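Comments concern the structure below.
Dropping the structure here:
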């Protein structure tokens, strides 16, 4: 049976904040800190997941973890984001309930990573198949594209999402993904033209300049240096741990997987480059004859390059930057733009160009990933949207971001309460109303159609006359003066008149997350988001394939005089649509918290976390869950976990699970009001009751463990005794066998000893008899020999005295020679031909013999060494020998080539598919293939050529295409000229009148000159029908170029540029080659 763990097993701190006892803000923070320090970054509040950003990689997102949480109950394992993703996916697949996963938190808290983890988990657990895998890959690869164009480095986060993203993933009835739809909200396009200190522009600008090839940058008219572009901040251009070049390759690959065509990718990059060029356009003031101010472009180079990229006439765009045309009914009024207005128009165009490009990217991705067919599909939505932002300087962007978070908090409380109420009603538990802070009053302050801040901002933008941020703030202070959540120094409320923390040009709103001070400067301009019609029409005239789609309002045939909707109105409508969409789905919440502002691991800043806990409303969420019952659990797992607490339910309960739980609870000292029975679950009111059950369970488990140990030890001892008894019988039997064997061996050994002594005595007796007989025979033989010797000496004594000297001399010489040869045998040198050692001469008269023997031995061992050569090795040594005969002591380059083997085919022409056609075209076997430089007579510069040598011809071919440029039969070669120095230059001189001599001789340069000339010379030497090729080694020789002869002169030079040889043309008749000295 599979052993299942629980949320309550081996728990560090409290895994579910609903069970925290006592409940206070301090204990809440302390529990988060305790779990964070033990790498437990996930904690529950009921079904809500709190995610702490660890700022490092943890081993809890592996494929094994995915399998561990797959198809498991939400509370069955320790808290994890995979548990929430699995619960949402199974609810969608099995219960046909549309799901949405809301990921919120402030910038840098890990929302983007959380959304990636959810999507990767769903992709891992859903079905497999070629089409399904393609859809999953496209959905996952849409993230890198949108991150590159919509994320940026901020002071709080190196990969901060500067737009809101909501993705609806559509599934079929089996739970397999079919496609998706992405909605984007409020791209922070002001970042395109200006970034706060310590922050960067969007990633794609830096990725393009860092990762694109030099050729691509040249096409886009860009440089790699960030400092050349005004729109890119330099103080934080490089980010630790962020490889822009590698990320650019990832984005290109992702766009290909999603389905972007190559021309679409190129068009997108051209628009990105155009935005960078746009930022470099600068203006200077000028005055017209009527005294009005106007502007002129300082340097038109960037404007020219931008127009070339987008296919726009330069004069059209230049006029759009200098004039503004206002149309009213049938009238047109054209006014000049001063420098400030020109810069405003430039920045407005850059922001609109980039934001519309981003919207087009989202639309294009949706076209690729959308589900096919019109039938209704199951939907899982994933919302990754900017968190609540409180900066030192808060403007219009922070205002609408915080408005969106107010709406999300409102729907979070409503849906959480509704979910609680529905569960109580479903289980038949009495529902009690829960009091909580309703932030609807703040939402109404912002979005009210009559007196809301957004409505007043739109009204101020549309009002005729002079409209400024000051007039907007005055109106705001007048209408909202009595609102409890609005503060301004300009309001009539006296308590803010002396509040020096509230500047005159600012207003403050009491959000659910705390008070936020907003600077009114820029609210009107950013809400208007105006792009002059002249610029729209100029963009529409572009020949670029993408620009016309981005600026449809520039079409002169469709001029619309109606003012476009404001940014605030569009965002409010988008948020309303999002809220209605979320209310139709079952919500799942992930609350992201960042532990510190330093982006560092293992640091937990209490004050920062406390601030986030407050504005995320987490304490309120816990109180909502605990207002009724703190813990609930289905009857089956409850009985399975606590059945050992009652004798009647242990070890197995045979009836229904609910009856078993009722029997168990009635046997425990727990008051009846502490729990209630639902239809499928038991509800426990107080966490202390749950901890009491856990403590009793722990004690029972200890008692059960003791009982199991006792039974096990008894069984183990009995088994051990029986084993010992059986072993004793076996040992006794083996010992008796061993004792008998030893006794037999002892008797056998004694018998053998007696036999050996007897045989020894007999053998010694026989030996003594044989020795006596042998001595007798030897004595007879010795006496006979002495007698015969005496008789002989008497007869030949006269001859011995006459030849004694000569015999002694010959004997002495013979002994000396014998000693010499035996000594030579023991001191012979090794068999290596290069070993020059030889034993010293022992006697002067042996000098000639000693030298001759040394010569004969050397020849013999050389023959032995040569006999080991293969045919290939023999040919190599023959080539080396021939090279030595040609170049030794004649060419300074020769010594360096001795140690280098002659490889021949340096290009592997038969294996390289690039030269397949060239290899097929060669009729004979290629003996040498190398890259040489063909020297141009006009300037002395070299052109790379493929040099191929066969047994019948020399071929020169183009290195890139492999096309044959020249083919010279070897019989047409008259001679080869080289210098005496260490250069690689050589001239192939052709016979006059031959077919190959039409274009003249060839002056070439190669790193393998010695090998090339040696092989050419060998080909001429082998052929019986050819004249031997002359090798001319001189520092000055003539080369025939078509109709003229040119002198090539080699001179020593000073080492420059890496000691390379340089060739320069001095006049029409002289090429001078400067060879650096190698000394």
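Numbering (the working numbering), first residue to last: 163 to 1241.
Ideal placement from N, C-alpha and C gives every residue a C-beta, glycine not left out.
No experiment lies behind these values; they were computed from the predicted model shown.
(message) Looking at residue 1175: is its Cβ nearer than 9 angstroms to the Cβ of residue 1116?
(response) For this step, residue 1175 is matched to residue 1013 along the chain shown. For this step, residue 1116 is matched to residue 954 along the chain shown. With contacts defined by Cβ atoms closer than 9 angstroms, residue 1175 and residue 1116 do not form a contacting pair.
(message) If I follow the unbroken beta strand (DSSP E) through residue 738, where does it start and stop?
(response) As a position in the chain shown, residue 738 is number 576, starting the count at 1. First-last for residue 738: 729 to 745, but that is the alpha helix (DSSP H), not the beta strand (DSSP E).
(request) Measure the CB-CB distance between residue 1124 and residue 1068 and report whether it falls below 9 angstroms. (result) For this step, residue 1124 is matched to residue 962 along the chain shown. For this step, residue 1068 is matched to residue 906 along the chain shown. No. Outside cutoff.
(message) Report the CB separation of residue 329 from residue 543 in whole angstroms; it is logged as a contact under 8 angstroms.
(response) Here residue 329 is taken as the residue at index 167 of the chain shown, counted from 1. Here residue 543 is taken as the residue at index 381 of the chain shown, counted from 1. Right, their Cβ atoms sit about 7 angstroms apart.
(message) Just to confirm my understanding: we take residue 859, look at its own chain, exclude 5 residues before and 5 after, and list those with CB closer than 8 angstroms. What are they?
(response) Walking along the chain shown from the start, residue 859 turns up at place 697. Excluding sequence neighbours, residue 859 sits near 803, 804, 806 and 807.
(message) For residue 842 and residue 747, I'd like the C-alpha separation in whole angstroms.
(response) Here residue 842 refers to the residue found at position 680 of the chain shown. Here residue 747 refers to the residue found at position 585 of the chain shown. Computed Cα separation, rounded: 24 angstroms.
(request) Report yes if the C-beta distance between residue 484 and residue 512 is below 9 angstroms; otherwise report no. (result) Start at 1 with the first residue of the chain shown, and residue 484 comes out as number 322. Start at 1 with the first residue of the chain shown, and residue 512 comes out as number 350. Going by C-beta atoms, residue 484 is not nearer than 9 angstroms to residue 512.
(message) Tell me which residue opens and which closes the alpha helix (DSSP H) that residue 225 is part of.
(response) In the chain shown, counting from the first residue as 1, residue 225 sits at position 63. 225 to 231 is the span of the alpha helix (DSSP H), which, as asked, contains residue 225.
(request) Have a look at residue 989 and residue 1029 and give me their C-alpha separation to the nearest angstrom. (result) Counting from one through the chain shown, the residue named residue 989 turns up at place 827. Counting from one through the chain shown, the residue named residue 1029 turns up at place 867. For residue 989 and residue 1029, the distance between alpha carbons rounds to 24 angstroms.
(message) Residues in the same chain with beta-carbon distance under 8 angstroms from residue 1055, minus the five sequence neighbours each way, listed in chain order, please.
(response) Numbered from its first residue, the chain shown carries residue 1055 at position 893. Exclusion of the five residues before and after residue 1055 leaves 1049, 1143, 1144, 1145, 1146, 1171 and 1172 as the residues of its chain whose Cβ lies within less than 8 angstroms of its Cβ.
(request) Please name the residue, chosen from 1141, 467 and 571, that lies closest to residue 435 on a Cα-to-Cα basis. (result) As a working note, residue 435 is residue 273 in the chain shown. With respect to the C-alpha of residue 435, the residue from 1141, 467 and 571 having the closest C-alpha is 467.
(request) Using three-state DSSP, classify residue 477 as helix, strand or coil. (result) By one-based count along the chain shown, residue 477 stands at place 315. DSSP places residue 477 in helix when its eight states are reduced to three.
(message) Between which residues of its own chain and residue 801 is the CB-CB distance below 8 angstroms, once the five residues before and five after are set aside?
(response) By 1-based counting over the chain shown, the position of residue 801 is 639. Excluding sequence neighbours, residue 801 sits near 811, 815, 819, 822, 823 and 826.
(message) Quick check on residue 1226: does DSSP put it in helix, strand or coil?
(response) Counting from 1 along the chain shown, the entry for residue 1226 is found at position 1064. Three-state DSSP puts residue 1226 in a strand.
(request) Just tell me which of 558, 782, 421 and 293 has its CA closest to the CA of residue 340. (result) Counting from one through the chain shown, the residue named residue 340 turns up at place 178. It is 293 whose Cα lies nearest to the Cα of residue 340.
(request) On the DSSP bridge assignment, give the partners of residue 328 in chain order. (result) Residue mapping note: residue 328 aligns to position 166 of the chain shown, counting from 1. In DSSP, residue 328 forms a bridge with 345 and 545.
(request) Report yes if the CB atom of residue 740 is closer than 9 angstroms to the CB atom of residue 545, and no otherwise. (result) Locating residue 740 in the chain shown gives position 578, counting from the first residue. Locating residue 545 in the chain shown gives position 383, counting from the first residue. Yes, the pair counts as a contact, with Cβ atoms nearer than the cut-off.
(message) Quick check for students: name the residue ranges of the alpha helix (DSSP H) that lie wholly in the stretch 359 to 444, counting only runs of 4 or more.
(response) Counting whole runs of 4 or more residues, the stretch 359 to 444 contains the alpha helix (DSSP H) stretches 365 to 373, 376 to 381, 406 to 420 and 424 to 441.
(request) Note down, in chain order, each residue of its chain lying with its Cβ closer than 6 angstroms to the Cβ of residue 115, except the 5 sequence neighbours on either side. (result) Because the chain is modelled from 163 through 1241, residue 115 falls outside the range shown and cannot be assessed.
(message) For residue 1192, count the other beta carbons within 10 Å of its own beta carbon; 16 or more makes it buried, fewer makes it exposed. Which is it?
(response) Start at 1 with the first residue of the chain shown, and residue 1192 comes out as number 1030. Around the beta-carbon of residue 1192, fewer than 16 other beta-carbon atoms lie within 10 Å, marking it exposed.
(message) Along the chain, where does the beta strand (DSSP E) containing residue 1135 start, and where does it finish?
(response) Taking the first residue of the chain shown as position 1, residue 1135 is located at position 973. First-last of the beta strand (DSSP E) with residue 1135: 1135 to 1140.
(message) Short of 8 angstroms in beta carbon distance, which residues of its chain neighbour residue 364, apart from the five on each side in sequence? Order them along the chain.
(response) Your numbering for residue 364 matches position 202 in the chain shown. Short of 8 angstroms from the beta carbon of residue 364, and not among the five residues preceding or following it, lie these beta carbons of its own chain, in chain order: 310, 311, 312, 313, 314, 324, 353, 354 and 516.
(request) Could you give the DSSP three-state label for residue 167: helix, strand or coil? (result) Taking the chain shown and counting its residues from 1, the one referred to as residue 167 is at position 5. For residue 167, the predicted structure reports a pLDDT of 48, less than 50, and the residue's modelled location is therefore unreliable. The matter cannot be settled from this model.
(message) Please report the straight-line C-alpha distance between residue 850 and residue 793, rounded to a whole angstrom.
(response) One-based indexing of the chain shown puts residue 850 at position 688. One-based indexing of the chain shown puts residue 793 at position 631. About 11 angstroms.
(message) Please report the straight-line C-alpha distance between residue 419 and residue 528, rounded to a whole angstrom.
(response) Residue mapping note: residue 419 aligns to position 257 of the chain shown, counting from 1. Residue mapping note: residue 528 aligns to position 366 of the chain shown, counting from 1. Put simply, the backbone Cα of residue 419 is about 13 angstroms away from that of residue 528.
(request) Look up residue 624 in the DSSP assignment and say whether it is helix, strand or coil. (result) Residue mapping note: residue 624 aligns to position 462 of the chain shown, counting from 1. When secondary structure is reduced to three states using DSSP, residue 624 falls in the helix class.
(message) Pop quiz: residue 853 and residue 791 are said to be a contact at Cβ under 8 angstroms. What is the actual Cβ separation, rounded to whole angstroms?
(response) The residue given as residue 853 occupies position 691 in the chain shown. The residue given as residue 791 occupies position 629 in the chain shown. In fact, because the Cβ distance is near 15 angstroms, the residues do not count as touching under 8 angstroms.
(request) Note down, in chain order, each residue of its chain lying with its Cβ closer than 6 angstroms to the Cβ of residue 847, except the 5 sequence neighbours on either side. (result) Looking up residue 847 in the chain shown gives position 685. Answer for residue 847: 791 and 836, listed in chain order.
(message) According to DSSP, simplified to helix, strand and coil, what is residue 1233?
(response) Here residue 1233 is taken as the residue at index 1071 of the chain shown, counted from 1. Here residue 1233 carries a strand assignment [DSSP, helix/strand/coil].
(request) Could you tell me which residues DSSP pairs with residue 1156 in its beta bridges? (result) Reading the chain shown from its first residue, position 994 is the one you call residue 1156. Under the DSSP definition of a beta bridge, residue 1156 lacks any partner.
(message) If we require 3 or more residues per run, which beta strand (DSSP E) segments fall completely within the stretch 960 to 1013?
(response) Whole beta strand (DSSP E) segments, 3+ residues: zero.
(request) Please list the segments of the beta strand (DSSP E) lying wholly inside the stretch 670 to 714, counting only runs of 3 or more residues, in order along the chain. (result) As far as the stretch 670 to 714 is concerned, its whole beta strand (DSSP E) runs of at least 3 residues are 676 to 681.
(message) Using only the alpha-carbon positions, how far apart do residue 203 and residue 194 sit?
(response) Within the chain shown, numbered from 1, the residue matching residue 203 stands at position 41. Within the chain shown, numbered from 1, the residue matching residue 194 stands at position 32. Going by the C-alpha atoms only, they are around 8 angstroms apart.
(request) Identify which residue in 575, 944 and 1075 has its Cα closest to the Cα of residue 780. (result) What you label residue 780 is simply residue 618 of the chain shown in a count that begins at 1. Relative to residue 780, the option among 575, 944 and 1075 whose CA is nearest is 575.
(request) Rounded to whole angstroms, what's the CA-CA distance from residue 669 to residue 570? Just pull it up for me. (result) The sequence position of residue 669 within the chain shown is 507, counting from 1. The sequence position of residue 570 within the chain shown is 408, counting from 1. Linking residue 669 to residue 570 through their CA atoms gives a straight-line distance of about 23 angstroms.
(request) Could you have a look at residue 1201 and say whether DSSP puts it in helix, strand or coil? (result) Mapped onto the chain shown, residue 1201 falls at position 1039. Annotated three-state conformation of residue 1201 is strand, per DSSP.
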